[in-house]
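Here's the structure we're looking at; comments come further down.
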Amino acid sequence: MLSAVHGPGSHVMSLTKEQERERKTICTDLPKFAGEPEVWRLFFSNFKITTEARGFSNLENLTRLQACLHGEAFEAVRESPSEEHLETFISFGIKVKQLCDHIVACELNEHMNNPLLGASRLILLPTSY
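Counted the way full-length UniProt numbering counts, the sequence shown spans residues 1 to 129.
Laid out in structure tokens, this is it:
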């Protein structure tokens with residue numbers, strides 16, 4: 001196994017030789033995504049498969065997501081709650097509620113307890129809350 005470079009926000013990990021080969025042979029970019037529900041499953045599947053196959057860290061995935069999101073998807077993650085703008089907590093709460101409703105409607109209830117989803121939303125909250 002080869003050691004991977006890690007930094008703030010990522011965990012220490014090792015890449016297998018197969019993951020190193022995958023990184024060299026296959027494009028690591030994600031397709032552009034603007035939040036269209038009809039392409040979500042394909043986009044998310046691509047994200048999961050490439051993350052596992054290539055051994056991307058959280059920090060690397062954040063960079064990949066920042067590069068591919070645009071439109072409504074970009075706006076949804078850009079507008080995190082802010083102490084200076086308390087009204088952002090309302091829109092944040094509405095988006096979390098919509099996400100939960102969508103998960104339930106799609107009968108993906110196992111995701112309601114997914115620690116990664118919860119952690120990704122908590123990261124957006126100001127540190128004083």
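Glycine included, each C-beta is placed from N, C-alpha and C at the ideal position.
Values in this document were obtained by computation on a predicted structure and should not be read as measured data.
Consult DSSP for residue i and reduce its assignment to one of helix, strand or coil.
i, result
"residue 111", "helix"
"residue 15", "strand"
"residue 82", "strand"
"residue 42", "helix"
"residue 56", "coil"
"residue 2", "For residue 2, the predicted structure reports a pLDDT of 36, less than 50, and the residue's modelled location is therefore unreliable. A value from the coordinates is still provided. It is a strand residue."
"residue 30", "coil"
Who are the near neighbours of residue i in its chain, counting only those whose CB is closer than 8 Å to its CB and skipping five residues on each side?
i, result
"residue 133", "Nothing can be reported for residue 133: it is not among the residues displayed for the chain, which extend from 1 to 129."
"residue 89", "81"
If we count the other Cβ atoms within 10 Å of its Cβ and call it buried at 16 or more, is residue i buried or exposed?
i, result
"residue 60", "buried"
"residue 114", "exposed"
"residue 7", "Bear in mind that a pLDDT of 45 at residue 7, under 50, signals an unreliable position, so the model cannot answer this."
List the whole-angstrom C-beta distance separating residue i from residue j, where the pair is believed to meet the contact cut-off of C-beta under 8 Å.
i, j, result
"residue 70", "residue 97", "24 Å between Cβ atoms; not a contact."
"residue 34", "residue 76", "The Cβ separation is near 10 Å, so there is no contact."
Give me, in chain order, the residues of the same chain whose beta-carbon lies closer than 6 Å to that of residue i; leave out the 5 immediate sequence neighbours on both sides.
i, result
"residue 55", "15, 19"
"residue 92", "81"
What do you reckon, is the C-beta of residue i under 8 Å from a heavy atom of the ligand SAH?
i, result
"residue 91", "With respect to the ligand SAH, the structure offers nothing, as it holds no ligand at all."
Less than 9 Å between CB atoms is the rule here; does residue i satisfy it with respect to chain D?
i, result
"residue 41", "In the structure shown, chain D does not exist; there is a single protein chain."
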